[in-house]
Amino acid sequence: KVFRFKRGGLSLLSRFQDMNPGRQIVTEGGPIQENVSKNAKNMEDDPVFSVDGDLAFNWAYSNNGARIALSDGNLSPADTNDDNTHGLGNHFACNPLTGENTDPQWAHEISNIQDCPLGSCSRVQMQGTNHGSGSHLISGP
146 KVFRFKRGGL
156 SLLSRFQDMN
166 PGRQIVTEGG
176 PIQENVSKNA
186 KNMEDDPVFS
196 VDGDLAFNWA
206 YSNNGARIAL
216 SDGNLSPADT
226 NDDNTHGLGN
236 HFACNPLTGE
246 NTDPQWAHEI
256 SNIQDCPLGS
266 CSRVQMQGTN
276 HGSGSHLISG
286 P
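The opening residue of the sequence shown carries number 146 in our numbering; numbering runs sequentially from there.
Below, the structure written as structure tokens:
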């Protein structure tokens, strides 16, 4: 997917350093180009290609955050601890404005691929294996 930023002239570094206040929709008009291999698998689980909308950067919510998410997916309210914003660069049990961990059992840079708010599921499928030691987290594609 290719997007057009609302505001040009900024590096990705400067965009990702802007954690406070964060929670910004940084593109408009949705993707201007999309190319997906006809052999792509698990597309329904992909946090980018399974969702439409614009890019949301630095989506901080409660003690969690996601670096990149899409606006038509679930964007958790700022005060909601549901571990349910699907995206890239998810970080659970942290101070999302500073990136500091608050619980060592939760790894960062993980993507949950189920619509499964915290407390409503006993097993949550994650993308890949780098998801920490939480007993209810299982590795996925």
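Cβ coordinates follow ideal geometry from the N, Cα and C atoms, glycine included.
Cβ neighbour criterion (16 or more within 10 Å) applied to residue i
i	result
SER221	buried
GLY210	buried
ILE213	buried
PRO241	buried
VAL117	Residue 117 lies beyond the stretch modelled for the chain, which goes from 146 to 286, so this question has no answer here.
ALA238	buried
ASP228	buried
GLY154	exposed
GLY218	buried
VAL269	buried
LEU282	buried
Spatially closest choice to residue i from the options, by CA coordinates
i	options	result
LEU233	ASP199, PRO192 and GLY175	PRO192
ASP199	ASN219, GLY218, THR172 and ARG152	THR172
GLY174	ASP197, GLN250 and GLY218	ASP197
THR230	PHE150, MET271 and PRO176	MET271
GLU179	LEU157, ASP224 and PHE194	PHE194
SER284	ALA223, PRO249 and ASP190	ASP190
Cβ distance (whole Å) where residue i is taken to contact residue j below 8 Å
i	j	result
ILE170	SER207	Their Cβ separation, rounded to whole angstroms, is 19 Å, which puts ILE170 and SER207 out of contact at 8 Å.
ILE177	ARG149	6 Å
Point to revise | Meets three-Cβ-pair contact criterion under 8 Å: the stretch 160 to 169 and the stretch 181 to 199 | key: The stretch 160 to 169 is not in contact with the stretch 181 to 199.
Using 8 Å as the Cβ pair cut-off and three pairs as the minimum, do the stretch 186 to 204 and the stretch 146 to 165 touch? yes
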